[in-house]
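Take a look at the structure below.
There are 4 protein chains.
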Amino acid sequence: MNSLAASHPSPEVPVRGRPRSEAVERAIIDGTMRLLEEGVPLAELSIERIARTAGVGKATIYRRWRGKEELLVDVVRSVEPADPELPGTSLRDDLVVLLEALRRRGLANRTSAILHNAHAQMKTSPRIWNAYHNAVIAPRRRLGLEVLRRGQQEGELRADIDLELAHDIVLGPMLVRSLLHPDAELPEGLAEQLVDTLLEGLRPVSSPTG
Amino acid sequence: MNSLAASHPSPEVPVRGRPRSEAVERAIIDGTMRLLEEGVPLAELSIERIARTAGVGKATIYRRWRGKEELLVDVVRSVEPADPELPGTSLRDDLVVLLEALRRRGLANRTSAILHNAHAQMKTSPRIWNAYHNAVIAPRRRLGLEVLRRGQQEGELRADIDLELAHDIVLGPMLVRSLLHPDAELPEGLAEQLVDTLLEGLRPVSSPTG
Amino acid sequence: MNSLAASHPSPEVPVRGRPRSEAVERAIIDGTMRLLEEGVPLAELSIERIARTAGVGKATIYRRWRGKEELLVDVVRSVEPADPELPGTSLRDDLVVLLEALRRRGLANRTSAILHNAHAQMKTSPRIWNAYHNAVIAPRRRLGLEVLRRGQQEGELRADIDLELAHDIVLGPMLVRSLLHPDAELPEGLAEQLVDTLLEGLRPVSSPTG
Amino acid sequence: MNSLAASHPSPEVPVRGRPRSEAVERAIIDGTMRLLEEGVPLAELSIERIARTAGVGKATIYRRWRGKEELLVDVVRSVEPADPELPGTSLRDDLVVLLEALRRRGLANRTSAILHNAHAQMKTSPRIWNAYHNAVIAPRRRLGLEVLRRGQQEGELRADIDLELAHDIVLGPMLVRSLLHPDAELPEGLAEQLVDTLLEGLRPVSSPTG
DNA sequence: GCCTAACCGAGACGGTACGTCACGTCTTTTA
DNA sequence: TAAAAGACGTGACGTACCGTCTCGGTTAGGC
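Chains as they are written, first to last, in this note's numbering: chain A, 1 to 210; chain B, 1 to 210; chain C, 1 to 210; chain D, 1 to 210.
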């Protein structure tokens, strides 16, 4: 389950000693979440306090994670919403769904005050950031790129455009809104509006869809 | 100079006792910068260490800033590049200059490893983030909005588009690249390519400029 | 074998399940001795380390002793030299043999650096000290008292003297030397010299033996 | 004041920064004494608990002593009774006073349950034991040797006897009683009885005092 | 030849204390 | 009054052991 710690020995090696309790693992992650939900500032989130909250010894946490940051990666992962279901009817529809998921995620983080800044905290160490990037950000990006690739094949996207660039063009505005400008609005129709506006510059020159 | 601390008593009240040394203030900020440049991870940047490096008492730092985060705001401000000179010849040209400044800033932060994450660290406290936002991010955003407003007046931008939205559309992709994807490329012509692509969807429907 | 733990159920109750391994018991005591011989300070002698050294589970130790101190009692007992053979020719000769045994024990502890302070460590708990006292010190004292009682009967010792007091008078000086003053000398003829000097004040007033 | 820590810089070096509080030092030693008096077993005397009791930070203790054992040396020293006033009228009288002080000390430790075993605890480290030896034991021994030396000069003691040996002969029995046999009696006239008995074997052959 | 109970190694578990470090405040002397 | 220095109470750090508790596996009778 952990994304950084070597969670399990290779399957051939028989388990020696008392196995680690999954219930404890859940208690730690849930306890951390509870603290964040109660509004405890990230700076006051100490391992000691998490252990106290979860009713767990400190060593039990350090047995699973190397420090607060690595634990946060798993906490964030545990509340990260699942990838949205893509309709697959058209490039536009898929992108609208992706952006809408992003919008909702931004709204959730803002209102619940969770993870508002946990994401930022994780940048303090390149190692942690990589783990978070690999576990959370990269899969989303891959999904977006896949959608764009399909759209390009179907002729809904200019053939000469770099897919990475197209991805940042489509996703960037919404991300910037939800990450950098916590007081920016994220109104209901924003996803559709953005996709429609942005696809304008990305469609093939003589578009079949007009 | 400080953006958060009430640095000086009101000017009418004559200064009593020994005045604060500006040299000391510089020494503190420069010492912090030196530590960051030497690759000291942000998590190991303690007030105690900064005081040691700057050859300064801890109380002298606390007399000026309320904590590490507030000090960081001023440190970051001190190395933030000046606003770029805008040509003013056209909306496109101005936006290219703005994005090019952003690209270079991203490159600088990546190579020098300074401030790579100091920006993230400051999100730990809403108060600090606001200070940084007001001192650094907001002015840039105002400048960008001003450019777009002028472009709209000149008919280079669709009249029905929300300027805030247009701003995120134009700036978002570059920001996402430099902030979230530290290993994403920021090649030379990126600014022009982005502006040309993005303006496609933002131009007036039957544009006079083509 | 253990002096504190109720090592075995009463013999009528038939042993159920796998019996405790005596080899394991030896391995634990020998492992502890090896650590002490290697110069590991008493303060660093943890149950965990002993278990590691003996290649034994912690629970296996706790099944036999209630803690480190109780284990130490048995370790010390295992290296305590056997009671010396008494000649029985005279009070003086017996006392010389007893003191000589004490002198040699003091020398051994000093040079081998074993048990130098284990004896002291055991005073941390009255319970442990009692066990050690009963298992090691008291038998020796009983032996000494018996020698003195015989001497008194034979008229080699004043009849009006308290035997307990006489014991401390004879044994005290050598004990103090070997326990309190680790750098005090314990030269070869010390036992005889002490006995001859001390008996002076303990002989009957007009001694028949002169 | 501390016997192990380098307590004060050399007097030429002017004191820099806030000086160490003597009140704090007293609070720590007194707090430790209070705990011992309340019957807290030595094994449960942690630095953490001492700090809590004294209302003091752990670092404040570690700034003065290197650990629990070194602190104990000073605690024991602080309650060690002052050297007794010697009458100087005769060897016998001086020795009686010395032994009487020892007897009373043994009684005090037994009844108050203080220092009963602190003395033993300090043997865990040779360094600590040396400090305790130098600060407490050695001065007492020097005093006893001085008394014996004077007695020898005055002809009250055999000229051929080694003073160190004589010291152990006279002091040993009482020490053994009070240290090793906690339940041995220390009745009122014990000091005089011991001195009178022991001097028997130590007087010059044809004694002037008869 | 099973059955069953206790033993055994390993190591997880909730705790407590370790000794260090930084926090932000305070008390010195010196300027 | 500022400034360097450093003591102070507080509290978190990450580690080590404590003594207890599961695990899978072993080793003896008793059936």
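Glycine is no exception: its CB is placed at the ideal position from the N, C-alpha and C atoms.
Nearest by alpha-carbon distance to residue i: which of the options is it?
i: Arg49(B); options: Thr60(B), Leu35(B) and Tyr62(B); result: Leu35(B)
i: Val28(A); options: Ser46(A), Val176(A), Arg105(A) and Arg16(A); result: The amino acid occupying residue 28(A) in the given sequence is Ile; Val does not appear at that position. Cα-wise, what sits closest to Ile28(A) is Ser46(A).
i: Arg20(D); options: Val40(D), Thr60(D), Ile137(D) and Leu42(D); result: Thr60(D)
i: Asp183(A); options: Trp129(B), Ala108(B), Lys58(B) and Leu86(B); result: Trp129(B)
i: Leu199(A); options: Asp168(A), Arg92(A), Arg177(A) and Arg64(A); result: Arg92(A)
i: Leu145(A); options: Thr197(A), Asp162(A) and Ala51(A); result: Asp162(A)
i: Ala108(B); options: Arg26(B), Asp30(B) and Glu185(B); result: Glu185(B)
i: Arg66(D); options: Arg127(D), Glu22(D), Gln153(D) and Glu164(D); result: Arg127(D)
i: Ser90(D); options: Ala51(D), Ser178(D) and Gln153(D); result: Gln153(D)
i: Gly88(B); options: Ala51(B), Asp30(B) and Arg149(B); result: Arg149(B)
i: Asp160(B); options: Ser178(A), Gln193(A) and Lys58(A); result: Gln193(A)
Using a 10 Å radius around the Cβ and a threshold of 16 neighbouring Cβ atoms, would you call residue i buried or exposed?
i: Glu37(B); result: exposed
i: Glu188(C); result: exposed
i: Asp74(D); result: buried
i: Thr32(B); result: buried
i: Ser207(B); result: Unreliable positioning characterises Ser207(B) in this predicted model, as indicated by a pLDDT of 44, which lies under 50. The coordinate reading is nonetheless provided below. Counting Cβ neighbours within 10 Å, Ser207(B) comes out exposed, since fewer than 16 surround it.
i: Gly106(B); result: buried
i: Thr197(A); result: buried
i: Glu69(C); result: buried
i: Pro9(D); result: Note that Pro9(D) has pLDDT 44, beneath the 50 cutoff, so the model's placement of it is unreliable and the number below is only indicative. Per the 10 Å Cβ criterion, exposed.
i: Gly17(D); result: exposed
i: Thr53(A); result: buried
i: Pro11(C); result: Low confidence applies here, because Pro11(C) scores a pLDDT of 48, under 50, leaving its location unreliable; read the following figure in that light. Burial call: exposed.
Do the CB positions of residue i and residue j come within less than 8 Å of each other?
i: Val24(A); j: Val56(A); result: yes
i: Met122(C); j: Leu171(C); result: no
i: Leu202(B); j: Leu143(B); result: no
i: Gly151(D); j: Pro204(D); result: no
i: Ser125(C); j: Ala43(D); result: yes
i: Pro81(D); j: Val97(D); result: no
i: Ala103(D); j: Ala191(D); result: With the sequence shown as reference, residue 103(D) is identified as Arg, and Ala is not the correct amino acid for it. Against a cut-off of 8 Å, the Cβ pair of Ala191(D) and Arg103(D) comes out as a contact.
i: Leu95(D); j: Val147(D); result: yes
i: Ile284(A); j: Leu180(B); result: One cannot answer for residue 284(A) here, as it falls past the ends of chain A, which runs 1 to 210.
i: Leu99(B); j: Met174(B); result: yes
i: Val76(C); j: Tyr132(C); result: yes
i: His167(A); j: Arg141(A); result: yes
i: Val176(C); j: Val176(D); result: yes
Tell me which residue opens and which closes the alpha helix (DSSP H) that residue i is part of.
i: Arg141(D); result: Ala138 to Gln153
i: Asn130(C); result: Pro126 to Tyr132
i: Asp183(C); result: Unbroken run through Asp183(C): none, as it is neither H nor E.
i: Lys58(A); result: Lys58 to Tyr62
i: Leu72(B); result: Lys68 to Val79
i: Thr53(C); result: Ile47 to Ala54
i: Leu42(A); result: Here Leu42(A) belongs to no alpha helix (DSSP H), and DSSP marks it neither H nor E.
i: Val24(B); result: Glu22 to Glu37
i: Thr197(A); result: Leu190 to Leu199
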